[in-house]
């Protein structure tokens, strides 16, 4: 059964009660919230995700709860709680939804040292995946959202997961976090995509979340190999251009963006090395999304 | 239900766990900082194949973290040695860092927050300057706390390395000078042993590591790590007990260092909760299996609650009271009543500011 098959009332009741239990790629999550106004948008964001059994093992028991005491009413706050632990200070209540997503990212980063976790977006065509590591502001999420609305499957917008044993990528197909100008760009570019109402004044500016496409969620467990590593950079007026990157530089890019490279030690070194060896590595400059999509189309054609 | 304890006592019992029990076990282990240790324990018992995939990911995550920390502890030990060697101050590792460097079974899967070293009191000032010159900075900026540590405590305020981010506790003895029990640090230093393969780096002797662990646990242990510390003691005691006569040596040593009290408690709760095989003559001698008495009954009530994973599933109505009682007991043992009253009054009037965590570092997952 999928989240979208629950009635609006029953989703609300679960969220406010024992929790909505769903699978996001390799992770089983139980989402609870005493902040009821996030329910409808949350149900849209996770519409296609499968619900899991009540007795199934849950990786992350997370909740968004109202602030303590006065902070429930006066300049209301929301708290992120993972199994009775609160890793962050509370945020204004209207940031509840982005906070849930940041919180889930925190759980994956803090609790998953059995895989290599890279701060990067990843998208796939069939069994071939492109990893897009990049610093904030490089247009990584915008490019990722555009690709996902033009036939690429979303693996992850924020955290790329690589298995240490097989080197395969694991998809999450969780919502894409769009910031500032990219919100309107994607609204124009893909009017059919579901975006949440923008939340202003977060630590990252204005944020809206985009729901992953149905195929991304349904095919999330398809075994996928990293085939391209593309370091994107948005530059106003630039022609879309791929420039091959040496494997040494590519290694440093991936290692530098790996959240747990320092924890995994030799295992991390081997996993990054294997990924770089099996990928064609590029840096990529672009300004117009359509041109960028065309470049990625050609990459996908070549891989066939 | 305390699943961690039943699995630690009886590793085979994991065969009977269903998915929701695995779920609870992992959550309890995480709250007790025991993920890595349980993984190593199950592996040693040949039960790795019996762990379902999802829980294994979490246990393995803990084990990988521990492995990496052990690597960095050995490296830190070398850096400390380089910082202190020019002043002929020995590096004597304590607690977790000592278990790792000495390759003791108690190092298995252990996670820790800092490195602890013991420095002779006369060399404390020199050692602090030498450490500051090599990049260690005090983490305590509050003037009262600085004074409090320097005047009343057995250690300097924690130091953090500006580049590597590791935290260091520099002790000059193992209990606060104001505590009722006064183990002589000189005896500990005299008995310390050099680690083969790490020249210039020493640890306390095995007996003294046990006595330090016991006095730490029952004097000042942080609530979240009490069960983890008890498993340390269990492993240290089993290691020592391979030679049956070593138990008597341990009891003699405890008398000499005025630490029979903490040792007795350590033997009481390791034997009761983790089935540590303490010889009867030893438990008789230290009175660790005695029953009756209001004081003992209250302590049992307190430690039976605190020596659990500090997770909602193992708490009951008295857990908050037990936490408070433990805090008061720790302070009571640590300083005479007047000083305690002064210290608590100061803390009540000027509560420490709560540390504000950034919502998330920009590089770490936007």
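Protein chains in written order, with the numbering used here: chain V, 295 to 598; chain Z, 253 to 618. Glycine included, C-beta positions come from ideal geometry on N, C-alpha and C.
At which residues does the beta strand (DSSP E) containing residue i begin and terminate?
{"i": "residue 393 (chain V)", "result": "Note, residue 393 (chain V): premise wrong, no beta strand (DSSP E); alpha helix (DSSP H) at 390-405."}
{"i": "residue 425 (chain V)", "result": "422-427"}
{"i": "residue 326 (chain V)", "result": "321-327"}
{"i": "residue 584 (chain Z)", "result": "Note, residue 584 (chain Z): premise wrong, no beta strand (DSSP E); alpha helix (DSSP H) at 571-586."}
{"i": "residue 499 (chain V)", "result": "499-504"}
How many angstroms separate the CA atom of residue i from the CA atom of residue j?
{"i": "residue 426 (chain Z)", "j": "residue 581 (chain Z)", "result": "17 Å"}
{"i": "residue 491 (chain V)", "j": "residue 330 (chain V)", "result": "16 Å"}
{"i": "residue 310 (chain V)", "j": "residue 333 (chain V)", "result": "9 Å"}
{"i": "residue 562 (chain Z)", "j": "residue 265 (chain Z)", "result": "22 Å"}
{"i": "residue 448 (chain Z)", "j": "residue 574 (chain V)", "result": "47 Å"}
{"i": "residue 508 (chain Z)", "j": "residue 326 (chain V)", "result": "55 Å"}
{"i": "residue 493 (chain V)", "j": "residue 367 (chain Z)", "result": "43 Å"}
{"i": "residue 398 (chain V)", "j": "residue 377 (chain V)", "result": "12 Å"}
{"i": "residue 522 (chain V)", "j": "residue 256 (chain Z)", "result": "44 Å"}
{"i": "residue 494 (chain Z)", "j": "residue 428 (chain Z)", "result": "32 Å"}
{"i": "residue 343 (chain V)", "j": "residue 308 (chain V)", "result": "15 Å"}
{"i": "residue 405 (chain V)", "j": "residue 294 (chain Z)", "result": "20 Å"}
{"i": "residue 302 (chain V)", "j": "residue 341 (chain V)", "result": "11 Å"}
{"i": "residue 591 (chain V)", "j": "residue 577 (chain V)", "result": "16 Å"}
{"i": "residue 385 (chain V)", "j": "residue 393 (chain V)", "result": "8 Å"}
Using three-state DSSP, classify residue i as helix, strand or coil.
{"i": "residue 573 (chain V)", "result": "coil"}
{"i": "residue 266 (chain Z)", "result": "helix"}
{"i": "residue 314 (chain Z)", "result": "helix"}
{"i": "residue 446 (chain V)", "result": "coil"}
{"i": "residue 388 (chain Z)", "result": "strand"}
{"i": "residue 411 (chain Z)", "result": "strand"}
{"i": "residue 488 (chain V)", "result": "coil"}
{"i": "residue 376 (chain V)", "result": "strand"}
{"i": "residue 532 (chain Z)", "result": "helix"}
{"i": "residue 351 (chain V)", "result": "coil"}
{"i": "residue 435 (chain V)", "result": "helix"}
{"i": "residue 340 (chain Z)", "result": "coil"}
Contact criterion: CB-CB distance below 7 Å. Does residue i meet it with respect to chain V?
{"i": "residue 568 (chain Z)", "result": "no"}
{"i": "residue 384 (chain Z)", "result": "no"}
{"i": "residue 331 (chain Z)", "result": "no"}
{"i": "residue 309 (chain Z)", "result": "yes"}
{"i": "residue 558 (chain Z)", "result": "no"}
{"i": "residue 360 (chain Z)", "result": "no"}
{"i": "residue 609 (chain Z)", "result": "Confidence at residue 609 (chain Z) is low in this model, with a pLDDT of 45, below 50, so the placement of that residue is unreliable and no value is reported for it."}
{"i": "residue 520 (chain Z)", "result": "no"}
{"i": "residue 504 (chain Z)", "result": "no"}
{"i": "residue 274 (chain Z)", "result": "yes"}
{"i": "residue 409 (chain Z)", "result": "no"}
{"i": "residue 320 (chain Z)", "result": "yes"}
{"i": "residue 256 (chain Z)", "result": "no"}
{"i": "residue 317 (chain Z)", "result": "yes"}
{"i": "residue 603 (chain Z)", "result": "no"}
{"i": "residue 589 (chain Z)", "result": "no"}
Grab the span of the alpha helix (DSSP H) containing residue i for me, first residue to last.
{"i": "residue 599 (chain Z)", "result": "589-601"}
{"i": "residue 585 (chain V)", "result": "583-597"}
{"i": "residue 542 (chain V)", "result": "541-551"}
{"i": "residue 367 (chain V)", "result": "Unbroken run through residue 367 (chain V): none, as it is neither H nor E."}
{"i": "residue 556 (chain V)", "result": "555-558"}
{"i": "residue 568 (chain Z)", "result": "Element bounds for residue 568 (chain Z): n/a, residue is neither H nor E."}
Taking only beta-carbon atoms, is residue i less than 7 Å away from chain Z?
{"i": "residue 298 (chain V)", "result": "no"}
{"i": "residue 352 (chain V)", "result": "yes"}
{"i": "residue 559 (chain V)", "result": "yes"}
{"i": "residue 327 (chain V)", "result": "no"}
{"i": "residue 406 (chain V)", "result": "yes"}
{"i": "residue 550 (chain V)", "result": "no"}
{"i": "residue 378 (chain V)", "result": "yes"}
{"i": "residue 592 (chain V)", "result": "no"}
Which bits of chain C does residue i rub up against, with CB to CB less than 7 Å?
{"i": "residue 271 (chain Z)", "result": "In the displayed structure, chain C is absent; the protein chains listed are V and Z."}
Under the criterion of a Cβ to heavy atom distance below 6 Å, does residue i qualify as lining the ligand MN?
{"i": "residue 464 (chain V)", "result": "In terms of ligand content, the structure shown is empty, and the ligand MN therefore cannot be addressed."}
So, does the segment 295-302 of chain V touch the segment 337-344 of chain V, judging by three or more C-beta pairs under 8 Å?
Result yes; three or more Cβ-Cβ pairs closer than 8 Å.
For the structure I just gave you, are there three or more beta carbon pairs, one from the segment 468-480 of chain V and one from the segment 488-507 of chain V, closer than 8 Å?
Verdict: yes, contact present.
Answer yes if the segment 381-391 of chain V comes into contact with the segment 419-434 of chain V, meaning at least three C-beta pairs across the two stretches below 8 Å, and no otherwise.
With a cut-off of 8 Å, the segment 381-391 of chain V and the segment 419-434 of chain V do not count as touching, because too few Cβ pairs lie within range.
Counting pairs of beta carbons, one from the segment 420-440 of chain Z and one from the segment 544-558 of chain Z, are three or more of them closer than 8 Å?
Judged by Cβ distances under 8 Å, the segment 420-440 of chain Z makes no contact with the segment 544-558 of chain Z, as fewer than three pairs qualify.
Give a yes or no on contact between the segment 257-272 of chain Z and the segment 556-563 of chain V, applying the rule of three or more CB pairs nearer than 8 Å.
Cβ pair count under 8 Å is below three, so no.
If contact is defined by three or more beta carbon pairs under 8 Å, each pair taking one atom from either stretch, is the segment 454-465 of chain Z in contact with the segment 402-416 of chain Z?
The answer is no - the segment 454-465 of chain Z does not touch the segment 402-416 of chain Z, with fewer than three Cβ pairs under 8 Å.
Stretch pair the segment 308-324 of chain V + the segment 345-361 of chain V: three plus CB contacts closer than 8 Å
With the cut-off at 8 Å, the segment 308-324 of chain V and the segment 345-361 of chain V touch.
Cβ contact check for the segment 435-455 of chain V and the segment 581-589 of chain V: 3 or more pairs under 8 Å:
Touching, per the Cβ criterion.
Under 8 Å, with one C-beta from each stretch per pair, do the segment 267-275 of chain Z and the segment 569-580 of chain Z reach the 3-pair mark?
Inter-segment contact for the segment 267-275 of chain Z and the segment 569-580 of chain Z is absent: fewer than three beta-carbon pairs are separated by less than 8 Å.
With three or more C-beta pairs closer than 8 Å as the rule, is the segment 492-506 of chain V touching the segment 528-537 of chain V?
No: the two stretches stay apart, fewer than three of their Cβ pairs being nearer than 8 Å.
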